[in-house]
Structure formats: structure tokens, C-alpha cells
Ligand code: GLN
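Numbering (our numbering), first residue to last: 2 to 408.
Here's what the structure looks like:
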């Protein structure tokens, strides 16, 4: 009957809305970013064994010890700059119900009403809602699209800081753009954090989906940032198990205490059997991660080439699940009208990126397509989009003056 004022402006998430429409119209769902295949069978088996053998009761709030251990071993080499002595599974690792909870718990655990948080837009939708839940205010810095990528203006970042600013959320690799923040961009962010004593919350869920052999620099490793960064990630994207909702936050003890202060009163703990399965997953050999990135890179290439051929202009993502495709050569309207039209007329669902922008309208010229799907699913989506494009071309040539681009 009455949604709280803090949440009322957010309505139902764009992902739920688009997936519902996709089902209604029997559209291929390249909207919500989840794989339409499941993770490795031996990982599924480890979780199902644990479901029979237990634990089936609450586990330790900050994580099943075996999973904390596996996360510490998995992340220690990657975060060696921040934790030169290695990550301590008990002092530094908090297991959460997905990375979304890790970020929410970080914000809820750190912020007081009236505090401010810097977010980059396009922004993953849960960040703004979590900032609002904490009674805090978001200051937005826009990642602007230019030839070949998205970047922010360091001056714009600096001027987003006020004396109420406590934290910044950085998502690299980034959803929806597929951007990997460069070392110099991370330096600019670190500089602001150190100068204004901010905590950085770094969402790294696409850490193993970086393409073309590119390096993935981490914010926590920048000198001066180890003590003030909460590095968050999850099992979902790396092991194609997004529904497991097992994530974590890695941080020095004082920041871990903030995360845990909120986590214990929101979910208390994540499901034990899935934590056991996740511990098994993190024992995967390096070859697993290499072939994962290779497979997804191939999917990226297949989709981007086809979209460009159809008439979109892709900003080829360096990482992640998604491509931002500029639709202006195909469509006169905005992203929402095109996405609705595509679901209803082409049988393909995508996400209108304006949902990820709070201050600029940069998103309206793009459509976000997910490529984390079976080859067969991508093939069907591409065939449908091609057929849609061809039908529109035929209609257009029949129309004298032909300025109606809408089929
Ligand atoms: N991360 C997914 C995406 O960007 C959405 C997850 C969700 O539906 N909350 O598509």
C-alpha cells in the first residue's frame, strides 16, 4: 500500500520489467544479464553434496570458514598491493548474499543520514537505491561516450566532492559500458579519495571477464588505497551462477567491521550449501578462467559484428557481459521507445540504458545488449534483428519521402 519515501522513486527495476515483457512477447532476452546456461557440473555437485551433508542451518555470519579461506587464496595474488602479507580469511573477508549485498552493506554500514557518495553514471541501478536506503545523497559524475570508449573528466570528479562526501563507488569492469578503468583514471580517483579521506567501494564482479588479454588494474592496489578500499566481487559472473547470490567484501578490519555491522542485520548469512559449492568453484585451475574469458570474448565479437552489420554502432566493450550499441542510424526516437519496439516487433529484448543515468541524457542514444548467452540464443537474436532491419528497409523504400523510420 505504501512504499517508503526512500524507495518509492525507484519503482520496479528495469531488469524485472524487461524480463517480464520479454516473456510476455516470447522475445529472446538479451536484456537482463544472466547466462542462459549453468556453471560447471562439478561445482553444482559440490553444492548439492553440501545440501545433503549440511550445513543446512545458519552458518557463521561473516562466512563459512572454507569459503572465506578460498576467497582469501583466490584474491590474495590479485590484491597483493593492498594486502602485501596476503588476505586474512577471518579479518578481511565478509561473505554476503551476492555482490549487491556487499555494496549495500558497505554503504549502510558506513554512511550517516546526510552523507554524500560519489557515483559514476551510467550507474548500476542498485547503487542509487542503496545510497537512498542509507539516507545519503548521491553526487553523480558522468562517464561520457567518445570515440572508442567512455571516460570521466577529472575536474568534474573533483568538483563532485563536498565536505559531506564520505565514499565513492567504482565499478570496474563496468556495467553497462564494459569499460575497464585505466591506471591513470584510478590514480585520479585515488588522489581524490586520499585528499578528502573517502572510502572507496570497488565492484569487481566482472574481474574474470576481461578480453583481448588486457590487464585489469584494481583500485585497492593503488598506493594509499589499500587502507580505504572495500573490494567486492562474487561467484555469479565468473561461474555462470548468478542465482546463487554468493558475494563478498574484502577490506581491512575497520572497514570489514562496518560491512559486518550492516550484513548481520540484513541477511545475517548467505546459504551454507551454496557457500560450500562456491569454495569448490574457487579452487578452479587458471585454465578455467582463461577459457571463460576466451568464450565470452568470442560471444562479444559475434554480437558486436552482427549489430554493426545491422546498422548499430557498437562501443566494443573491453570486459563484462554487455555492449552499448548506438542506435541513431536506425531509429529516430529514444532508447525506451526502441527497446519497446524491438520486444514487440523484432522479438528481441534489450535494456534501455537511460535507466542507468540520473543526470545526463547520454543513455538515450544507446541500447544495452547482453552477450552472456548460448551461441544458439545469440544466433536467433541476430537473425531476428536482421529480419526486422530488412523489413524496415522494405517499408521505407515504399514510403515516398521515406522519413518515417518506424516500421
Ligand atoms: N546485473 C544484471 C544486469 O545488469 C541484473 C541483475 C538483476 O536483475 N538485479 O543485467
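Note that CB positions come from ideal geometry on N, CA and C, so glycine has one too. Since the model is a prediction, treat every value here as computed from it, not as a measurement.
Its Cα nearest to that of residue 381, the residue 30 stands out among 34, 74, 30 and 177.
Annotated three-state conformation of residue 117 is strand, per DSSP. In terms of Cα proximity to residue 171, the closest of 137, 147, 163 and 122 is 122. In the structure shown, the three-state DSSP call for residue 250 is strand. Relative to the ligand GLN, residue 269 has its C-beta separated by 7 angstroms or more from all heavy atoms. When rounded, the separation of the alpha-carbon atoms in residue 335 and residue 365 is 5 angstroms.
Residue 304 holds the alpha-carbon nearest to the alpha-carbon of residue 315 among 71, 390 and 304.
Of the residues assessed, residue 353 falls on the buried side of the cut-off, its CB having 16 or more other CB atoms within 10 angstroms. By the CB criterion at 8 angstroms, residue 184 and residue 321 fall outside the cutoff. In this structure, the CA atom of residue 26 is about 16 angstroms from the CA atom of residue 378. When distances are taken from the beta-carbon of residue 303 to the heavy atoms of the ligand GLN, even the shortest one reaches 7 angstroms or more. Remark: the shortest separation between the CB of residue 16 and any heavy atom of the ligand GLN falls under 7 angstroms. If you draw a straight line from the Cα of residue 45 to the Cα of residue 14, it comes to about 29 angstroms. For the ligand GLN, a non-hydrogen atom lies closer than 7 angstroms to the CB of residue 33. Taking 7 angstroms as the cut-off, one finds at least one heavy atom of the ligand GLN near enough to the beta carbon of residue 176. Between residue 155 and residue 119, the C-beta gap is not smaller than 8 angstroms, which leaves the two residues out of contact. For residue 181, the CB contacts under 7 angstroms within the same chain, skipping 5 residues up- and downstream, are 173, 174, 211, 215, 217, 319 and 320 in chain order.
Annotation: the continuous alpha helix (DSSP H) that includes residue 101 extends over 99–111. Here residue 327 carries a strand assignment [DSSP, helix/strand/coil]. Per DSSP, the continuous beta strand (DSSP E) segment holding residue 204 begins and ends at 200–204. In chain order, 155 and 158 place their CB closer than 7 angstroms to the CB of residue 189, counting only its own chain and leaving out the 5 sequence neighbours on each side.
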